[in-house]
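Just so it is clear: in the sequence shown, position 310 is 313 by this note's numbering, and no numbers are missing. For every residue, glycine included, the Cβ atom is placed at its ideal position computed from N, Cα and C.
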Amino acid sequence: MNISLILQMAADADPDRIGLVCDGRRWSYAGLQRAALGAARRLRESGCSHVALLDESSEAAAIALFGAAIAGVPYVPLNYRLAEADLAALLARVAPAYIVGDAAQIERLSPSAGHVARSRAQFVAEAEASSDGPELEDSEETIAVQLFTSGTTAAPKAAVLRHSNLLSYILGTVEFASAPEEDAALVCVPPYHIAGIAALLSSIYALRRILLLPAFDPDAWLALVEAEGASNAFVVPTMLSRIIARIDAGAAADVGSLRALAYGGGRMPLELIERALDLFPDCGFTNAYGLTETSSTVALLGPDEHRGAHRAEDDAVRARLASVGKPLPTIELEIRDEDGKVLPTGERGEIYVRGEQVSGEYRERSALDADGWFPTRDAGWLDAGGYLFLAGRADDVIVRGGENISPGEIEDVLMTHPALADAAAVAVASVEWGETVGVALAAKAGHVAPTEDELRSLIRGRLRSSRVPEHIVFVDALPYNEMGKLLRREVRKLF
Numbered sequence: 004m005n006i007s008l009i010l011q012m013a014a015d016a017d018p019d020r021i022g023l024v025c026d027g028r029r030w031s032y033a034g035l036q037r038a039a040l041g042a043a044r045r046l047r048e049s050g051c052s053h054v055a056l057l058d059e060s061s062e063a064a065a066i067a068l069f070g071a072a073i074a075g076v077p078y079v080p081l082n083y084r085l086a087e088a089d090l091a092a093l094l095a096r097v098a099p100a101y102i103v104g105d106a107a108q109i110e111r112l113s114p115s116a117g118h119v120a121r122s123r124a125q126f127v128a129e130a131e132a133s134s135d136g137p138e139l140e141d142s143e144e145t146i147a148v149q150l151f152t153s154g155t156t157a158a159p160k161a162a163v164l165r166h167s168n169l170l171s172y173i174l175g176t177v178e179f180a181s182a183p184e185e186d187a188a189l190v191c192v193p194p195y196h197i198a199g200i201a202a203l204l205s206s207i208y209a210l211r212r213i214l215l216l217p218a219f220d221p222d223a224w225l226a227l228v229e230a231e232g233a234s235n236a237f238v239v240p241t242m243l244s245r246i247i248a249r250i251d252a253g254a255a256a257d258v259g260s261l262r263a264l265a266y267g268g269g270r271m272p273l274e275l276i277e278r279a280l281d282l283f284p285d286c287g288f289t290n291a292y293g294l295t296e297t298s299s300t301v302a303l304l305g306p307d308e309h310r311g312a313h314r315a316e317d318d319a320v321r322a323r324l325a326s327v328g329k330p331l332p333t334i335e336l337e338i339r340d341e342d343g344k345v346l347p348t349g350e351r352g353e354i355y356v357r358g359e360q361v362s363g364e365y366r367e368r369s370a371l372d373a374d375g376w377f378p379t380r381d382a383g384w385l386d387a388g389g390y391l392f393l394a395g396r397a398d399d400v401i402v403r404g405g406e407n408i409s410p411g412e413i414e415d416v417l418m419t420h421p422a423l424a425d426a427a428a429v430a431v432a433s434v435e436w437g438e439t440v441g442v443a444l445a446a447k448a449g450h451v452a453p454t455e456d457e458l459r460s461l462i463r464g465r466l467r468s469s470r471v472p473e474h475i476v477f478v479d480a481l482p483y484n485e486m487g488k489l490l491r492r493e494v495r496k497l498f
């Protein structure tokens with residue numbers, strides 16, 4: 004099987020249904036299928052080993068994804084926001100590639116590499132001009148998508164997802180042709196993120212109309228919801244925060260069509276999701292936790308669980324609003340200590356997952372253990388009901404005098420202060436303790452920043468004395484990437 008089967012099934016089931024809307028142009032499922040076949044022929048004839056996208060989200064991303072699948076070569080969407088030196092290094096790793104992007108930039112960054120470069124408009128026009136595609140080969144275990152993980156101190160790893168991984172996720176979580184014709188999913192995450200790829204595949208399999216927003220802007224997002232009657236959307240926490248801020252500021256937009264809003268990609272502040280639940284009382288919220296290496300989502304906190312926890316009197320049930328829910332039925336999940344021992348309920352450790360959708364594989368190596376378990380490098384714990392709570396990256400643990408301290412527990416306490424908008428705790432080198440706690444804080448607009456003594460007293464009253472920060476700095480805003488993930492490496496530089 005091949006992920007191109009998803010588009011083929013949609014085109015066969017309802018060829019005239021609108022499958023994608025971008026920049027005012029509308030594509031039927033039959034039209035997308037014809038373009039994907041045409042692209043596949045061009046890609047196969049080029050002799051290139053990869054198909055790369057160096058551009059924003061557009062119809063070209065969808066056509067390239069499925070065209071690459073039919074042609075039997077990996078689809079590699081690249082982060083066009085990277086510095087040119089970093090992009091040049093990535094282009095060298097996929098040469099020779101058929102690249103959709105700025106031809107002059109590609110030649111400047113990677114000369115004489117044998118790349119074939121086309122602009123978005125050229126690629127789409129050539130795909131539409133071809134009347135048929137090449138014969139599809141059996142490719143279930145070949146690479147469908149290659150995504151470069153964001154590097155910190157080392158070069159990005161090339162995470163690979165095979166057709167079998169992605170199909171396992173889609174077929175296990177989405178019912179075919181389940182969306183009524185009026186349903187529309189607004190997709191505004193970057194094309195080089197697994198969430199964007201999963202959104203395309205799952206929406207097409209459901210026969211849901213996809214509304215592509217090439218670059219996120221809260222006003223453009225609200226306008227697109229109203230203009231197209233969007234029923235579904237996926238956002239990261241920073242996007243949701245900006246959307247709510249515009250609504251609170253009086254932005255005029257009818258968002259009554261929204262029935263389902265999924266979020267993920269970063270830590271969701273409890274205050275923000277509570278505000279969202281109040282602001283959208285008829286909308287079902289879903290918290291999705293997953294990784295590139297797991298073909299997207301492995302755990303979900305669903306709409307009923309959100310509403311049930313929001314006003315619950317039971318503290319344990321209410322606390323679950325800060326969780327990422329329970330593992331999918333097709334996923335096995337364990338919490339392990341540093342020695343690989345499975346930990347009991349309530350104890351923090353590293354999250355391990357296993358399942359057919361879990362690749363855990365890089366071009367360089369496989370990260371799966373002998374039994375097929377993937378170490379996510381995320382820290383977390385399970386409550387008595389099996390709900391998963393995240394506690395940051397395992398690498399972010401602060402080790403003070405041999406004691407492991409989770410940044411999340413400190414940040415949760417700090418965020419109870421009414422004057423704080425954001426908080427991040429990181430390890431700071433210490434001669435006496437090896438590492439000690441440093442916190443970077445952003446105050447809410449119009450509020451007076453609390454004093455250091457006030458903050459230390461707040462933490463001392465709720466946590467052990469080892470959690471009290473030795474270093475405190477205030478900034479205008481904490482650094483996040485475009486997917487809403489806190490850049491702790493940048494926070495550490497403050498100290």
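Problem - Rounded C-alpha distance that separates Asp186 from Ile213 - result: 9 Å
Exercise for the section: Identify the continuous beta strand (DSSP E) that holds Thr289 and give its terminal residues. Expected result: From DSSP, the beta strand (DSSP E) with Thr289 extends over 287-294.
Problem - Alpha carbon of Ser205 to alpha carbon of Val177, nearest angstrom - result: 6 Å
Exercise for the section: Pair every Cβ in the segment 273-284 with every Cβ in the segment 158-176, then say whether three or more of these pairs are closer than 8 Å. Expected result: no
Handout entry: Top-ranked residue by Cα proximity to Ser49, from Gln11, Gly75, Val119
Key = Among Gln11, Gly75, Val119, the Cα nearest to that of Ser49 belongs to Val119.
Handout entry: Ala86 (DSSP reduced to helix, strand or coil)
Key = Here DSSP, grouped into helix, strand and coil, assigns Ala86 to coil.
Handout entry: Segment contact flag, the segment 344-354 with the segment 312-323, C-beta cutoff 8 Å, min 3 pairs
Key = The count of Cβ pairs closer than 8 Å, one atom from the segment 344-354 and one from the segment 312-323, stays below three, leaving the stretches out of contact.
Exercise for the section: Could you pull out every unbroken alpha helix (DSSP H) segment of at least 4 residues lying fully inside the segment 372-415, listed in chain order? Expected result: none
Problem - Enclosing beta strand (DSSP E) for Trp224 [first to last residue] - result: Careful: Trp224 lies outside any beta strand (DSSP E), inside the alpha helix (DSSP H) at 221-231.
Problem - Three-state class that DSSP yields for Asn5 in the structure shown - result: Correct three-state label for Asn5: coil.
Handout entry: Coil, strand or helix - Asp15 by DSSP
Key = helix
Practice task
State the beta-bridge partners of Pro330 as determined by DSSP.
Solution key: Ala302
Handout entry: Closest by C-alpha distance to Trp384, when choosing among Ala147, Ala373, Leu336
Key = Of the candidates Ala147, Ala373, Leu336, the one whose C-alpha sits nearest the C-alpha of Trp384 is Leu336.
Problem - Inter-residue Cα distance where the pair is Ala72 and Ile401 - result: 43 Å
Handout entry: Residue from Tyr83, Leu85, Ala95, Ala100 with nearest C-alpha to Pro77
Key = Ala100
Practice task
Compute the distance between the beta-carbons of Ile207 and Ser299, then report whether it is under 8 Å.
Solution key: no
Problem - Member of Glu308, Pro194, Ile413, Ser362 whose CA lies at the smallest distance from the CA of His166 - result: Ser362
Practice task
Determine, using beta-carbon pairs with one atom in the segment 257-268 and one in the segment 112-131, whether at least three such pairs fall under 8 Å.
Solution key: no
Exercise for the section: Kindly identify the DSSP beta-bridge partner or partners of His474. Expected result: Gly441
Handout entry: Cβ pair count under 8 Å reaching 3, the segment 319-332 against the segment 386-404
Key = yes
Handout entry: Extent of the continuous alpha helix (DSSP H) run through Tyr483
Key = Element bounds for Tyr483: n/a, residue is neither H nor E.
Practice task
Throw me the rounded Cβ distance for the Ser244 and Leu261 pair, which I believe falls under 8 Å.
Solution key: Not really, about 17 Å apart at Cβ, beyond 8 Å.
Practice task
Taking Ser433 as part of the alpha helix (DSSP H), name the residues at either end of that continuous run.
Solution key: In the DSSP assignment, Ser433 falls outside any alpha helix (DSSP H) and within the unbroken beta strand (DSSP E) covering 423-433.
Problem - Terminal residues of the alpha helix (DSSP H) in which Leu174 lies - result: 166-176
Exercise for the section: Check whether the Cβ atoms of Ile475 and Val431 lie closer than 8 Å to each other. Expected result: Cβ atoms of Ile475 and Val431: not closer than 8 Å.
Problem - Alpha-carbon spacing of Ile408 relative to Ile334, whole angstroms - result: So the two alpha carbons sit approximately 28 Å from each other.
Exercise for the section: Drop a sphere of 10 angstroms on the beta-carbon of Val434, count the other beta-carbons inside from all chains shown, and report buried for 16 or more, exposed for fewer. Expected result: exposed
Practice task
Can you tell me which of Ser60, Ala279, Gly70, Ser468 puts its alpha carbon nearest to the alpha carbon of Val54?
Solution key: Gly70
Practice task
Keeping to the same chain, check which residues put their C-beta closer than 7 Å to that of Ala422; ignore five residues upstream and five downstream.
Solution key: So the qualifying residues of the chain are Ala446, Lys447, His450, Val451, Ala452, Pro453.
Handout entry: Coil, strand or helix - Pro240 by DSSP
Key = helix
Handout entry: Coil, strand or helix - Gln360 by DSSP
Key = coil
Practice task
Let me know if Glu138 comes out buried or exposed under the rule of 16 or more other beta-carbons within 10 Å of its beta-carbon.
Solution key: exposed
Problem - Length of the line joining the Cα atoms of Leu215 and Gly22 - result: As the crow flies, the alpha-carbon of Leu215 is around 11 Å from that of Gly22.
Handout entry: C-alpha distance - Thr155 paired with Asp135, whole-angstrom precision
Key = Residue confidence is low: Thr155 scores 45 on pLDDT, short of 50, so the model does not pin down where it sits. Its coordinate-derived value is still stated next. Spanning the two alpha carbons is a distance of roughly 43 Å.
Problem - Opening and closing residue of the beta strand (DSSP E) in which Arg339 lies - result: 335-339
Handout entry: Best match in Leu81, Leu46, Ala180 for proximity to Pro193 [C-alpha to C-alpha]
Key = Leu81
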